[in-house]
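Numbering-wise, this note's numbering comes out as the position in the first sequence, counting from 1, plus 483. Heads up: the structure comes next, in structure tokens.
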Amino acid sequence: MPVPDDWPSTEAEALAEQRRLRALVEPSGPGLADGALVAGVDVAYDDDADLVVAAAVLIDSATREPVEEVTAVGRISFPYVPGLLAFRELPTVLDALAALRGTPDLVVCDGYGLAHPRRLGLASHLGVLTGLRTVGVAKTPFVFGYEQPGAERGAWSPLLDTGTGEEVGRALRTRRGVKPVFVSVGHRIGLAESVAVTLALAPDYRLPETTRRADSLCRRALADALAGPRRGDSGLVPRV
DNA sequence: GCGACAG
DNA sequence: ATCTTGTCGC
């Protein structure tokens, strides 16, 4: 599946697109209902092969067991520029989500939502494009500041825009004594609800089960794609 | 002007 | 993101 033909190809176009979409983010909404299906999405790259592989994993929020797993392969359509990650990752992520038979009640992204220099990280961006509810769970604080949260699981502290003092997300401890994760609102969900969801999806590991599953899946799929057409493989169905 | 900088 | 050995701990 190709990249949308109106997809920004320059930084100036990308910045203009962020300006346009940021006004459409809805930063509030309820948490997870019983038996809700939560999707995890993640991406793996190989710049040399010009390959990007996205994975979408649908998980039952009650059992935390996957009910569906799909992947999508694409070409790299945008360079990595901090603050413009969505333009690099989302085209293939959208393909993966489209391949899902089920519809997620929430999508957990590997990165930020409102915790973004222009308040439109990839989680919020994905939410506005699809209308799906989204949250962002990142592994590093990006450009924001925070105080160390308490050591116990569930402890959190505000993630702050050091310029404005605004709380753009939360540093959340999902495991006792382990580095916190950084949660922010994506679309159509509140911050407290985003934190509760993240905690519920990460009972045993630092990262939510959704991102753990999506991460391992897209890595495997990328390795398969690279091993892909083997020597002697014409790519055609062999005739007798 | 020079770094830092989600993945 | 990705490149990478061994090591400490449950």
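Each residue gets a CB set at the ideal place from its N, CA and C atoms; glycine is no exception.
For V540, the enclosing beta strand (DSSP E) covers residues 534-543. Collapsing the DSSP output to three states places A579 in a helix. G604 is positioned such that its CB atom lies no closer than 8 Å to that of G610. The alpha-carbon of R658 is positioned some 18 Å away from that of R696. Under the Cβ criterion (8 Å, minimum of three pairs), the stretch 618-636 counts as touching the stretch 655-670. Taking 8 Å as the cut-off, the beta carbon of A539 is found closer than this to the beta carbon of V524.
Going by beta carbons, T613 and A606 fall outside the 8 Å limit. Between V508 and A537, the C-beta spacing is not below 8 Å. Under the DSSP assignment, T694 falls outside any beta strand (DSSP E), being part of the alpha helix (DSSP H) whose first and last residues are 692-710. Here the stretch 492-503 lies against the stretch 552-570, with 3 or more beta-carbon pairs under 8 Å apart. For R653, the enclosing beta strand (DSSP E) begins and ends at 650-655.
Counted as a single uninterrupted DSSP element, the stretch harbouring T645 is not any beta strand (DSSP E), since DSSP gives it neither H nor E.
When DSSP states are grouped into helix, strand and coil, F627 belongs to the coil group. P513 has its alpha-carbon roughly 7 Å from the corresponding atom of G673. CA-CA distance, V678 to E649, rounds to 17 Å. For F561, the three-state secondary structure derived from DSSP is coil. In the structure shown, P574 adopts helical secondary structure according to DSSP, grouped into three states. Here DSSP, grouped into helix, strand and coil, assigns S667 to strand.
Following the DSSP letters along the chain, one finds V680 inside the alpha helix (DSSP H) bounded by residues 674-684.
Here P487 is exposed. Its C-beta has fewer than 16 other C-beta atoms within 10 Å.
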